[in-house]
Amino acid sequence: MSVDTLRDLIPAYAKDISLNLGSLASETVLNDQQKWGCFLASAHAIGVAPVVKAIEAQAAAVLSPEALNAAKSAAAIMGMNNIYYRALHLMKNSEYTTIPARLRMNVLANPGVPKMDFELWSTAVSGINGCGACLDAHEGELRKHGVPATQVQAALRIGAVVHAASRIVASEAALAG
């Protein structure tokens, strides 16, 4: 499987999503590790089986085992953090922001890949999960380390398109099943 296989699963009504998948797979704003890590973290964040399988197959040809693991770790840790910190942000009672989270987040300190790659992947997943607090935190870290806005935007674009493709594939499977 590959992104091309995934594109074949997308019906004509969503041609724009298919075209965006193809252009993002050819994106050169990010290096291959950054790009395929964004794709993989995004796919795992959503968890639609055919999308995960197609993207993981293509990412495995580019990413080291450590990078594959780190991209999945970004999806996992952001799956927790995005819900927790989004809830704190949405709650009117700010007292909760003063209480330590007491959630394990060790992978953030040592993800096994360059920290800025992991931050890009976490940004893509945070966009998918809609956590403004996490988006601001990760984007701030990236910008502090000189990552240009075009690279941050590329990560967000990948997350958005993988999300759309996943929803389409899942809804078409629901119709077929």
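Note that this note's numbering has the sequence shown beginning at 1393, numbered continuously upward.
Glycine is no exception: its CB is placed at the ideal position from the N, C-alpha and C atoms.
Q | Top-ranked residue by Cα proximity to A1493, from L1480, N1485 and V1443 | A | The candidate whose alpha carbon is nearest that of A1493 is L1480.
(Q) Please identify the residue among A1466, Q1426 and S1558 whose C-alpha is closest to the C-alpha of T1542. (A) Q1426
Q) Where do the N-terminal and C-terminal ends of the alpha helix (DSSP H) with N1461 fall, by residue? A) P1457 to L1482
Q. How many angstroms separate the CA atom of A1446 from the CA atom of H1537?
A. 32 Å
Q: Ignore the nearest five residues each way along the sequence and tell me which others in E1531's own chain have a CB closer than 7 Å to its CB.
A: T1515 and V1544
Q.
Please classify M1372 as buried or exposed, where buried requires at least 16 other C-beta atoms within 10 Å of its C-beta.
A. The chain is shown from 1393 up to 1569; residue 1372 falls before or after that span and cannot be answered.
Q. Of the choices A1433, N1474, L1411 and E1458, whose alpha-carbon is the least far from that of G1524?
A. N1474
**Q.** Every unbroken alpha helix (DSSP H) within the segment 1482–1548, with a cutoff of 4 residues, ordered by chain
**A.** 1507–1521 and 1524–1536
Q. Quick one: Cα of Y1476 to Cα of V1443, how far?
A. So the alpha carbons of these two residues sit roughly 26 Å apart.
Q: Indicate the three-state DSSP secondary structure (helix, strand or coil) for L1432 in the structure shown.
A: helix
Q: May I ask which residues mark the beginning and end of the alpha helix (DSSP H) holding P1442?
A: A1441 to A1452
Q | Rounded C-alpha distance that separates A1417 from N1485 | A | A1417 and N1485: Cα-Cα distance of roughly 43 Å.
Q. How long is the line joining the alpha carbons of A1433 and I1491, rounded to whole angstroms?
A. Approximately 29 Å between the Cα atoms of the pair.
Q) Can you tell me the Cα-Cα spacing of G1522 and D1528, whole angstroms? A) 11 Å
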